[in-house]
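Here is the structure we will look at.
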Amino acid sequence: MEPLITLVAVTAVLLGAGALGVRGLRPWPVALRGGLAAMFTLTGVVHFVGMRQELIAMVPPWLPAPDLLVTITGVLELAAAAGLLITRTAPWAAGGLAALLVVMFPANVHAALEGTGTPLLPRTLMQLLFLAATLAVVAGMRAGRGTRRSAPAGDRSDQDARPVRSY
């Protein structure tokens, strides 16, 4: 539940800051990137501190080297969290996290069925929300939202092209 709370709280704070006038936080993908970065920093850190043994126990028995897999996924989560904060790498990081969420889902199912993790229905719903958030960042970045770069002087392609009237 902590990852969900982190995602929602950080995204809401950043959206609020954007609404209050922080220009770089106005596009919703930027706020969502910040929320996801905070969430995946949290989940990446617990791969090494605090919940490491529980995460190792979640790895299905048919996968080799559970401790190595937990280390690899933790490093990937931390690297992608950092990548979300850089405009150029954010779509790649979000796409990678989406793939990671899909690949890691069997571990969540295994843990739920073994009674060692979050029950399956709430976990599945959270996983779908996390997946939707990462894919929304990819889509938002592709649509040109979520970037802090401004258009070059004279380029009005993203602005209203109506002529300015003077009275």
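Residue numbers (full-length UniProt numbering): 1 to 167.
Even for Gly, the Cβ is constructed at its ideal location relative to N, Cα and C.
Measure from the alpha carbon of R142 to the alpha carbon of each residue in M126, F130, T87, R23, then state which is nearest. Numbered from its first residue, the sequence shown carries residue 142 at position 142. Checked all of M126, F130, T87, R23; the closest Cα to R142 is T87.
Beta-carbon contacts of E77 that lie in its chain and below 6 Å, excluding the five residues immediately before and after: Taking the first residue of the sequence shown as position 1, residue 77 is located at position 77. These residues qualify, in order along the chain: F40, T43, G44.
As a quick exercise: from R23, G83, M51, T134, pick the residue whose alpha carbon is nearest that of G117. What you label residue 117 is simply residue 117 of the sequence shown in a count that begins at 1. Ranking the options by Cα distance to G117, first place goes to M51.
What number of angstroms, rounded off, separates the C-alpha of L32 from the C-alpha of A90? Position 32 of the sequence shown, counted from the start, is the residue given in the question as residue 32. Position 90 of the sequence shown, counted from the start, is the residue given in the question as residue 90. Rounded to whole angstroms, the separation of the alpha carbons of A90 and L32 is 11 Å.
Residue range of the unbroken alpha helix (DSSP H) whose run includes P64: Residue numbering aside, residue 64 sits at position 64 when the sequence shown is read from its first letter. From DSSP, P64 is part of no alpha helix (DSSP H); its letter is neither H nor E.
Look up V138 in the DSSP assignment and say whether it is helix, strand or coil. The count along the sequence shown starts at 1 and reaches residue 138 at position 138. When DSSP states are grouped into helix, strand and coil, V138 belongs to the helix group.
Neighbourhood of G96 by C-beta distance below 6 Å, restricted to the same chain and skipping five residues each side: The sequence position of residue 96 within the sequence shown is 96, counting from 1. The answer, listed in chain order, is A80.
Closest residue to N108 among V10, A133, E54, A94 (Cα-Cα distance): Indexing the sequence shown from 1 puts residue 108 at position 108. The residue from V10, A133, E54, A94 with its alpha-carbon nearest to that of N108 is E54.
Three-state secondary structure (DSSP) at F48? Within the sequence shown, numbered from 1, the residue matching residue 48 stands at position 48. In this structure, F48 counts as coil in the three-state DSSP scheme.
Please report the distance separating the alpha-carbon of P66 from that of A12. Residue mapping note: residue 66 aligns to position 66 of the sequence shown, counting from 1. Residue mapping note: residue 12 aligns to position 12 of the sequence shown, counting from 1. Rounded to whole angstroms, P66 to A12 spans 35 Å at the Cα level.
Taking a contact to mean a Cβ-Cβ separation below 9 Å, would you say A98 touches A37 in this structure? As a first step, residue 98 must be located in the sequence shown, where it is residue number 98. As a first step, residue 37 must be located in the sequence shown, where it is residue number 37. No, they are not a contact pair.
Reference W92; option with closest CA among W62, V137, E114: What you label residue 92 is simply residue 92 of the sequence shown in a count that begins at 1. Minimum Cα distance to W92 is reached at V137.
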